[in-house]
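Report on the structure given below.
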DNA sequence: TGATTAAGATACGTGGCCGTATCTTAAGTG
DNA sequence: CACTTAAGATACGGCCACGTATCTTAATCA
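Residue numbers (the numbering used here), protein chains in the order written: chain A, 155 to 354; chain B, 155 to 354.
Right, here's the structure in full:
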């Protein structure tokens with residue numbers, strides 16, 4: 155009866171639960187996400203969960219919904235290479251957030267839980283306003299430094315794809331040196347800079 | 155007592171179970187893989203499973219172990235572009251196999267079940283003997299058609315990475331046209347061919 | 001054919017999560 | 001300071017997977 159001296163309410167409690175569900179997801183995975191588990195981790199009563207949500211997935215959707223996307227990189231100067239590296243570094247940093255871990259878990263089981271994946275794209279990816287490197291490439295194309303015809307969907311994906319592949323293979327995101335290699339050896343050649351012979 | 159007129163034994167039964175565990179994995183995911191589920195799907199008794207394996211993961215490991223990797227592409231002629239496209243197409247086709255689905259499920263939960271991921275690399279990826287496009291690139295480099303210095307780890311990963319990213323985004327592997335776009339717009343520029351101005 | 005081996009069927013207690021109901025009590029409200 | 005609102009604690013039957021034990025019986029072998 156008397157276990158809690160203090161008691162969270164409203165948004166305060168909801169925020170704790172959102173944290174809890176992301177942590178629980180990271181630990182046990184989407185398939186083992188459970189109301190009791192979330193309640194335990196949030197140090198609340200199962201009852202309080204059921205008052206608001208009908209299932210673990212509902213809690214998770216709400217938590218994702220609540221995530222405010224971080225800002226997109228803004229190209230800084232006349233430094234295409236540096237801006238690309240910085241854009242990828244932002245991607246890598248996002249990778250370490252709880253939302254990113256949740257995103258990975260959800261995408262990994264997309265076939266089994268399509269509603270979650272759909273919500274993820276709506277709430278997180280679309281809301282973020284597009285790819286990281288694409289923003290940079292468009293900026294330089296608009297200023298006449300790049301041929302806009304070269305900025306195809308495939309080219310816009312090169313950086314993100316290689317970061318993803320590296321993370322998958324090495325189980326860790328690429329270092330700054332590796333990001334530079336990605337920019338130098340894959341992205342820049344695709345937009346007409348190099349590899350060996352400079353394009354202008 | 156009398157439900158089965160016929161009865162599988164030995165390797166025959168084991169093969170059925172291996173199929174069953176891969177199918178079960180595809181359906182319910184790694185987190186919900188269960189001895190009873192596997193037994194149900196393989197139409198065998200739980201007892202028979204426990205006679206050989208101690209856990210669902212053990213069954214899965216055994217099933218993966220058993221998979222014989224398919225052959226690696228052999229470059230055919232003096233057609234770098236065509237060979238690259240064919241190599242990626244082989245990757246896409248592998249993608250549709252049960253083992254590939256299992257691999258995806260395991261890699262998605264690598265953090266939670268590292269032993270499975272390790273076994274996967276040993277049994278499947280390493281045994282396959284390397285990347286798809288890498289084989290092709292090395293072939294042409296050895297014949298003096300490409301600068302070997304350009305075939306870095308990053309460049310060797312471009313094709314696979316973009317196929318992976320596309321599959322993730324679109325929830326379906328790329329079409330032949332999209333594979334061609336990947337080769338033309340990302341791989342060939344990185345090895346000094348293109349994008350617009352031919353390198354030789 | 002008769003003996004041996006291994007699979008099938010069934011049952012059991014245990015434990016975890018389910019969803020709900022009930023009651024107590026702390027936190028906010030006028 | 002009453003009063004209302006909402007969270008905490010607990011208990012319940014139901015279901016499902018666990019891991020094991022026991023018995024029957026088909027497949028294989030000598």
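Quick reminder that beta carbons are idealized off the backbone N, C-alpha and C, glycines included.
N-terminal and C-terminal residue of the alpha helix (DSSP H) that residue 170(B) is part of: For the purposes of this step, residue 170(B) is identified with residue 16 of the second chain, where counting begins at 1. 164–182 is the span of the alpha helix (DSSP H), which, as asked, contains residue 170(B).
Expected contact under 8 Å - CB spacing of residue 262(B) and residue 262(A) to nearest Å: Taking the second chain and counting its residues from 1, the one referred to as residue 262(B) is at position 108. Taking the first chain and counting its residues from 1, the one referred to as residue 262(A) is at position 108. Their Cβ separation, rounded to whole angstroms, is 2 Å, which keeps residue 262(B) and residue 262(A) in contact under 8 Å.
Neighbour-count burial assignment, residue 307(B), 16 or more Cβ in a 10 Å radius: Taking the first residue of the second chain as position 1, residue 307(B) is located at position 153. Under this definition residue 307(B) is an exposed residue.
Cβ of residue 292(B) within 9 Å of any chain A Cβ: For this step, residue 292(B) is matched to residue 138 along the second chain. Answer no: the Cβ-Cβ gap between residue 292(B) and chain A never drops below 9 Å.
8 Å contact criterion, which residue 221(B) and residue 285(B) should meet: CB distance rounded: Working through the second chain from its first residue, we reach residue 221(B) at position 67. Working through the second chain from its first residue, we reach residue 285(B) at position 131. At roughly 18 Å, the Cβ-Cβ gap does not stay under 8 Å, so residue 221(B) and residue 285(B) are not in contact.
Simplified DSSP state of residue 267(B), which is helix, strand or coil: Here residue 267(B) corresponds to residue number 113 of the second chain, with the count starting at 1. Of the three classes helix, strand and coil, the one that applies to residue 267(B) here is coil, per DSSP.
Sequence-distant residues of its chain with Cβ nearer than 8 Å to residue 305(A) (five each side left out): What you label residue 305(A) is simply residue 151 of the first chain in a count that begins at 1. Same-chain partners within the cutoff: 288, 291, 292, 295, 345.
Cα-Cα separation between residue 228(B) and residue 176(B), rounded to whole angstroms: Taking the first residue of the second chain as position 1, residue 228(B) is located at position 74. Taking the first residue of the second chain as position 1, residue 176(B) is located at position 22. Cα atoms of residue 228(B) and residue 176(B): separation of roughly 29 Å, rounded to the nearest angstrom.
Reference residue 169(A); option with closest CA among 243(A), 196(A), 247(A): Numbered from 1 along the first chain, position 15 holds the residue referred to as residue 169(A). Closest option to residue 169(A), Cα to Cα, is 196(A).
Whole-number beta carbon distance between residue 179(B) and residue 256(B), since they are thought to touch under 8 Å: Here the question's residue 256(B) lines up with position 102 in the second chain. Here the question's residue 179(B) lines up with position 25 in the second chain. Residue 256(B) to residue 179(B), Cβ: 5 Å. Contact.
Collapsed DSSP secondary structure at residue 218(A) in the structure displayed: Within the first chain, residue 218(A) is the residue found at index 64, counting from 1. It is helical.
Within-9 Å CB hit, residue 266(A) to chain B: By 1-based counting over the first chain, the position of residue 266(A) is 112. Cβ-Cβ to chain B under 9 Å: yes for residue 266(A).
Contacting residues, own chain, Cβ-Cβ under 7 Å from residue 166(A) (five flanking each side not counted): Start at 1 with the first residue of the first chain, and residue 166(A) comes out as number 12. So the list is empty, once near-sequence residues are dropped.
Any C-beta of chain A under 9 Å from that of residue 238(B): Locating residue 238(B) in the second chain gives position 84, where the first residue counts as 1. No - not a single Cβ of chain A is within 9 Å of the one on residue 238(B).
With 16 other Cβ atoms within 10 Å as the buried cut-off, status of residue 267(A): Working through the first chain from its first residue, we reach residue 267(A) at position 113. It is buried - the Cβ of residue 267(A) has at least 16 other Cβ atoms within 10 Å.
C-alpha distance - residue 207(A) paired with residue 260(B), whole-angstrom precision: Along the first chain, one-based indexing puts residue 207(A) at 53. Along the second chain, one-based indexing puts residue 260(B) at 106. Approximately 30 Å, taken between the alpha carbons.
Cα-Cα separation, residue 118(A) to residue 202(B): Residue 118(A) is absent from the model: chain A starts at 155 and stops at 354.
Best match in 218(A), 174(A), 347(A) for proximity to residue 280(A) [C-alpha to C-alpha]: Numbered from its first residue, the first chain carries residue 280(A) at position 126. Residue 218(A) is the option with its Cα nearest to residue 280(A).
Cβ-Cβ separation, residue 216(B) to residue 172(B) (assumed contact under 8 Å), whole Å: Your numbering for residue 172(B) matches position 18 in the second chain. Your numbering for residue 216(B) matches position 62 in the second chain. At roughly 7 Å, the Cβ-Cβ gap stays under 8 Å, so residue 172(B) and residue 216(B) are in contact.
Test item: CB-CB of residue 213(A) and residue 192(A) under 9 Å: Indexing the first chain from 1 puts residue 213(A) at position 59. Indexing the first chain from 1 puts residue 192(A) at position 38. Taking 9 Å as the cut-off, the Cβ atoms of residue 213(A) and residue 192(A) count as close.
Host alpha helix (DSSP H) of residue 252(A) (start-end): Position 98 of the first chain, counting from 1, holds the residue named residue 252(A). Where residue 252(A) is concerned, the enclosing alpha helix (DSSP H) stretches over 252–262.
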